[in-house]
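K.L.:
Sharing a structure here in structure tokens format.
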Amino acid sequence: MLHGLDSLQDATKTRLLFGCVVAVTFICFIPTLFNELLLTWDDNIGIVNNEQIRQLSFETVRWAFSTFYFRDWLPLVWISFAIEYALWGLNPVGYHLTNNIIHAGNAGLFALISLTLSKLYLAQHESSTLLRGNRIYYCALLAALLFAIHPLRVESVAWAFERKDVLSLFFGLLSLLVYLRYIRTRSDGGAYPAEFAFLGKPLYWLAVIFYCFSLFSKAMLVSLPLVMLIIDWFPLNRFNRAQIKAALLEKAPFILLAGTTSAILMTVHAAGKMPLSQADMPSRFLIAGKSIITYLQLTVWPTNLSHFHLHPGNIGSPGFEYLFPIALCIVITISSFLLRKRWPVVAAVWAVYLVTLLPVLGFTQVSSTAMADRYTYVPGLAISLLAALAIMALADKCSPSQLALNAVTAGTIGILAVSCYLTVRQISYWKDDVSLWSRAIELQPHFSGRMYAERAAAYKDRGEFQKALQDINVAITIATQKKRPKMEELYFERSSILQLLGETALATADYNYALSLLAGER
2 MLHGLDSLQD
12 ATKTRLLFGC
22 VVAVTFICFI
32 PTLFNELLLT
42 WDDNIGIVNN
52 EQIRQLSFET
62 VRWAFSTFYF
72 RDWLPLVWIS
82 FAIEYALWGL
92 NPVGYHLTNN
102 IIHAGNAGLF
112 ALISLTLSKL
122 YLAQHESSTL
132 LRGNRIYYCA
142 LLAALLFAIH
152 PLRVESVAWA
162 FERKDVLSLF
172 FGLLSLLVYL
182 RYIRTRSDGG
192 AYPAEFAFLG
202 KPLYWLAVIF
212 YCFSLFSKAM
222 LVSLPLVMLI
232 IDWFPLNRFN
242 RAQIKAALLE
252 KAPFILLAGT
262 TSAILMTVHA
272 AGKMPLSQAD
282 MPSRFLIAGK
292 SIITYLQLTV
302 WPTNLSHFHL
312 HPGNIGSPGF
322 EYLFPIALCI
332 VITISSFLLR
342 KRWPVVAAVW
352 AVYLVTLLPV
362 LGFTQVSSTA
372 MADRYTYVPG
382 LAISLLAALA
392 IMALADKCSP
402 SQLALNAVTA
412 GTIGILAVSC
422 YLTVRQISYW
432 KDDVSLWSRA
442 IELQPHFSGR
452 MYAERAAAYK
462 DRGEFQKALQ
472 DINVAITIAT
482 QKKRPKMEEL
492 YFERSSILQL
502 LGETALATAD
512 YNYALSLLAG
522 ER
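Residues 2 to 523 (our numbering) are what the sequence shown spells out, left to right.
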């Protein structure tokens, strides 16, 4: 009777945990519903001008699974856009609402995963007091909110076309949650040998199916099999003689799916790869090391966030800004390995952080972007869980003193409140194209002519032609100074703006000059 009552109370607390995390996250991101679609930042290509999503039919599904439109393979993303177009056309509210709902769901799922991992740990470490009683729920709540309500999450949620991030993680978290459920409930293999017991478990195959859906949304989680293996090591403690073989064999279908998806995308991206002549391999390693540490820094101190990070190309002789992060990465990696028995949670979190960042560190560079806030969407999970555990450990140390415990509680609430404020402020920078590029220009004035050219296009779309002319003039000046290629595109754009301003003679002159550049006469 008492056990049944305890189970009922646990189920109630779990539902409250999930509901609270989802509700708080959704409310924090409500301002995204007032944002527009970004016509200068891929929403035009992926949604507004994408004729294939204008109908919802078998042909749409066939196209979604067979196309490499926009140099990517995103079948479930295209299908989701087709469903939305059928529901509300190009009304931006609908697309932002869907992203918000999925992100809130991701936060709730992460809370459940954190809770499950903690329970699996406690099942093997009964003497541990850190997460006893309601503390286990507080830790899961804190981990989920630290992840979900953070300025670094804004790019993945407030950018409609970045549906691929939130949707891929949604199915990835479902896969991991079901996998952990399978681990908790597995028993003998029935008709199968012990190491092949997973073959007869419906929960296991459900996890595989969800993983397929994750890869159908975006290939960001190709590293999920490695994450599962790390979790098998800690906290599941399956790297022993009795379980290691089964733990490895279980990952075979996941690895096969990840490998197949990676092979497809490597073929798709081959034509768009940045050649080694523009960014040699030593430069890519240096940029990767800097990115690893910069993402940690921005997690702790999320200031001056921008959507625009141009790849620096060949670095040449690296300075302190590249050498120090590389050295720090090496120190952290070696230290976490040497201290893996004393602090296994730190080693596991660092390993998960690295393997989930690996696909976006630029070793096979396929765009002009060196870094992006959205690249932290998956790696941020592990860091948030470690931060929550650290806060819980501090609270445990302070528990003899009510004053100290109150201070920790107040500090934690303060951190969440500040993070919420910064998140809402960051959302405002994604309100429309002008706001987005104005923020980039504010942070890096005269860094790139493209920023001014894109804002000029945004001003032109709004009918503010004089402002558009001012920006395109700056863009041409910067591009000329930096000897950028394809200058004709800027002159064609200025010609268009001048024509709208009624300056026909100047517009014609720019147009003819652009034609001469295009013909290679200048």
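The beta carbon of each residue, even a glycine, is placed where N, CA and C say it ideally should be.
Everything numeric in this text was worked out from a predicted model, so none of it was measured.
What's the gap between the Cα of Phe235 and the Cα of Ala349?
P.N.:
Taking the sequence shown and counting its residues from 1, one reaches residue 235 at position 234. Taking the sequence shown and counting its residues from 1, one reaches residue 349 at position 348. About 7 Å.
K.L.:
According to DSSP, simplified to helix, strand and coil, what is Thr370?
P.N.:
By 1-based counting over the sequence shown, the position of residue 370 is 369. Strand.
K.L.:
On the DSSP bridge list, what partners appear for Leu1?
P.N.:
The question about residue 1 has no answer, for the chain in this structure spans 2 to 523.
K.L.:
Looking only at C-alpha atoms, which of Ile477, Arg72, Thr300, Arg239 sits nearest to Tyr514?
P.N.:
For this step, residue 514 is matched to residue 513 along the sequence shown. Answer by Cα proximity: Ile477.
K.L.:
Hey, could you find the ends of the alpha helix (DSSP H) Tyr1 is sitting in?
P.N.:
The requested residue 1 does not occur in the structure, where the chain is confined to residues 2 to 523.
K.L.:
What residues in its chain sit with their C-beta under 8 Å from that of Leu3, if we drop five residues either side in the sequence?
P.N.:
As a first step, residue 3 must be located in the sequence shown, where it is residue number 2. Because Leu3 sits at a pLDDT of 42, beneath the cut-off of 50, its placement in the model cannot be relied upon, and the following sentence gives the value as read from the coordinates. No residues qualify anywhere along the chain.
K.L.:
For Asn513, report the span of its alpha helix (DSSP H) as first-last.
P.N.:
Residue numbering aside, residue 513 sits at position 512 when the sequence shown is read from its first letter. Asn513 -> alpha helix (DSSP H) spans 505 to 519.
K.L.:
Quick check on this structure: which residue in Lys291, Ala459, Asn474 has the alpha carbon closest to the alpha carbon of Cys330?
P.N.:
Translated into positions along the sequence shown, residue 330 becomes position 329. Checking every option, the nearest Cα to that of Cys330 belongs to Lys291.
K.L.:
Ile442 and Ala457: beta carbons closer than 8 Å?
P.N.:
Mapped onto the sequence shown, residue 442 falls at position 441. Mapped onto the sequence shown, residue 457 falls at position 456. The answer is no: Cβ separation not under 8 Å.
K.L.:
Closest to Lys432 by C-alpha separation, out of Leu175, Ile102, Ala198, Thr41, would be which residue?
P.N.:
Stepping through the sequence shown from its first residue, residue 432 is reached at position 431. Closest option to Lys432, Cα to Cα, is Thr41.
K.L.:
What are the boundary residues of the alpha helix (DSSP H) that includes Gly109?
P.N.:
Counted from its first residue, the sequence shown places residue 109 at position 108. Unbroken alpha helix (DSSP H) run through Gly109: 93 to 125.
K.L.:
Rounded to the nearest angstrom, how far is the Cβ of Leu39 from that of Leu437, given a contact under 8 Å?
P.N.:
Along the sequence shown, one-based indexing puts residue 39 at 38. Along the sequence shown, one-based indexing puts residue 437 at 436. Contact flag correct, Cβ pair sits at about 6 Å.
K.L.:
Out of Leu387, Ile498, Asp281, Arg426, which has the shortest C-alpha to C-alpha gap to Lys468?
P.N.:
Numbered from 1 along the sequence shown, position 467 holds the residue referred to as residue 468. The candidate whose alpha carbon is nearest that of Lys468 is Ile498.
K.L.:
By DSSP, does Leu340 sit in helix, in strand, or in coil?
P.N.:
If you number the sequence shown from 1, residue 340 lands on position 339. In this structure, Leu340 counts as coil in the three-state DSSP scheme.
K.L.:
Residues in the same chain with beta-carbon distance under 8 Å from Ser449, minus the five sequence neighbours each way, listed in chain order, please.
P.N.:
The residue labelled residue 449 in the question sits at position 448 within the sequence shown. Correct list, in chain order: Phe309, Leu311, Ile479.
K.L.:
Does Gly106 pass the burial test, meaning 16 or more other C-beta atoms within 10 Å, or should it be called exposed?
P.N.:
The count along the sequence shown starts at 1 and reaches residue 106 at position 105. Classification for Gly106: buried.
K.L.:
Work out the CA separation of Ala198 and Gln298 for me, nearest whole Å.
P.N.:
Position 297 of the sequence shown, counted from the first residue, corresponds to residue 298. Position 197 of the sequence shown, counted from the first residue, corresponds to residue 198. Taking the straight line joining both Cα atoms gives about 43 Å.
K.L.:
Measure the CB-CB distance between Phe172 and Phe211 and report whether it falls below 8 Å.
P.N.:
For the purposes of this step, residue 172 is identified with residue 171 of the sequence shown, where counting begins at 1. For the purposes of this step, residue 211 is identified with residue 210 of the sequence shown, where counting begins at 1. Contact: yes.
K.L.:
Whose C-alpha, out of Arg343, Pro345, Val379, Arg341, is nearest the C-alpha of Leu359?
P.N.:
For the purposes of this step, residue 359 is taken as residue 358 along the sequence shown, with counting starting at 1. Taking only the C-alpha atoms, the option nearest Leu359 is Val379.
K.L.:
Roughly how many angstroms lie between the CA atoms of Ala248 and Ala208, to the nearest whole one?
P.N.:
If you number the sequence shown from 1, residue 248 lands on position 247. If you number the sequence shown from 1, residue 208 lands on position 207. Cα to Cα, Ala248 sits roughly 15 Å from Ala208.
K.L.:
Leu297 by DSSP, collapsed to three states: which one?
P.N.:
Residue numbering aside, residue 297 sits at position 296 when the sequence shown is read from its first letter. Leu297 falls in the helix class under three-state DSSP.
K.L.:
Return the CA-CA distance between Leu121 and Leu491, expressed in angstroms with no decimal places.
P.N.:
Taking the sequence shown and counting its residues from 1, one reaches residue 121 at position 120. Taking the sequence shown and counting its residues from 1, one reaches residue 491 at position 490. Using only the alpha carbons, I get a separation of about 59 Å.
K.L.:
Can you tell me whether Arg311 is helix, strand or coil according to DSSP?
P.N.:
One-based indexing of the sequence shown puts residue 311 at position 310. This sequence places Leu at residue 311; Arg is not what is there. Here Leu311 sits in strand by DSSP.
K.L.:
Quick one: give me the first and last residue of the alpha helix (DSSP H) that Asp397 is part of.
P.N.:
Locating residue 397 in the sequence shown gives position 396, counting from the first residue. Segment 380 to 399, the alpha helix (DSSP H) holding Asp397.
K.L.:
Under 8 Å by Cβ, that's how I've got Tyr96 and Ala161 pegged, so tell me the actual separation to the nearest angstrom.
P.N.:
Here residue 96 refers to the residue found at position 95 when the sequence shown is read from its first residue. Here residue 161 refers to the residue found at position 160 when the sequence shown is read from its first residue. So it is a contact: roughly 4 Å between Cβ atoms.
K.L.:
Answer with buried or exposed for Trp74, where buried requires no fewer than 16 other C-beta atoms within 10 angstroms of its C-beta.
P.N.:
What you label residue 74 is simply residue 73 of the sequence shown in a count that begins at 1. So Trp74 ends up on the buried side.
K.L.:
If the criterion is Cβ atoms closer than 8 Å, does the pair Leu143 and Ala389 meet it?
P.N.:
Here the question's residue 143 lines up with position 142 in the sequence shown. Here the question's residue 389 lines up with position 388 in the sequence shown. Yes, Cβ-Cβ distance for Leu143 and Ala389 is below 8 Å.
K.L.:
Does DSSP put Ser8 in a helix, in a strand, or in coil?
P.N.:
If you number the sequence shown from 1, residue 8 lands on position 7. In this structure, Ser8 counts as helix in the three-state DSSP scheme.
K.L.:
Taking the alpha-carbon of Ile288 as reference, which of Leu306, Ala271, Ile256, Phe321 has the nearest alpha-carbon?
P.N.:
Counting from 1 along the sequence shown, the entry for residue 288 is found at position 287. Out of Leu306, Ala271, Ile256, Phe321, Phe321 has the C-alpha closest to the C-alpha of Ile288.
K.L.:
Considering Cα atoms alone, identify which of Val269, Ser58, Ser81 is closest to Asn100.
P.N.:
On the sequence shown, position 99 is the one that residue 100 refers to. Residue Ser81 is the option with its Cα nearest to Asn100.
K.L.:
Nearest to Val356 by alpha carbon, out of Lys484, Leu470, Pro226, Phe66?
P.N.:
Here residue 356 is taken as the residue at index 355 of the sequence shown, counted from 1. Minimum Cα distance to Val356 is reached at Pro226.
K.L.:
In the DSSP assignment, the alpha helix (DSSP H) including Arg451 goes from what residue to what residue?
P.N.:
Taking the first residue of the sequence shown as position 1, residue 451 is located at position 450. Here the alpha helix (DSSP H) through Arg451 covers 450 to 462.
K.L.:
Would Ile231 pass as a contact of Ala352 if the rule is Cβ separation under 8 Å?
P.N.:
Reading the sequence shown from its first residue, position 230 is the one you call residue 231. Reading the sequence shown from its first residue, position 351 is the one you call residue 352. In this structure, Ala352 lies closer than 8 Å to Ile231 by Cβ.
K.L.:
Given Val179, which residues of its chain have a CB within under 7 Å of its CB, disregarding the five upstream and five downstream residues?
P.N.:
The residue labelled residue 179 in the question sits at position 178 within the sequence shown. Once the five neighbours on either side are set aside, the close Cβ partners of Val179 are Leu204, Leu207, Ala208, Phe211.
K.L.:
Would DSSP call Gln56 helix, strand or coil?
P.N.:
Here residue 56 refers to the residue found at position 55 when the sequence shown is read from its first residue. In the structure shown, Gln56 sits in coil (DSSP, three-state: anything other than H, G, I, E or B).
K.L.:
Does the segment 211 to 222 touch the segment 243 to 260, meaning 3 or more C-beta pairs lie closer than 8 Å?
P.N.:
Touching, yes.
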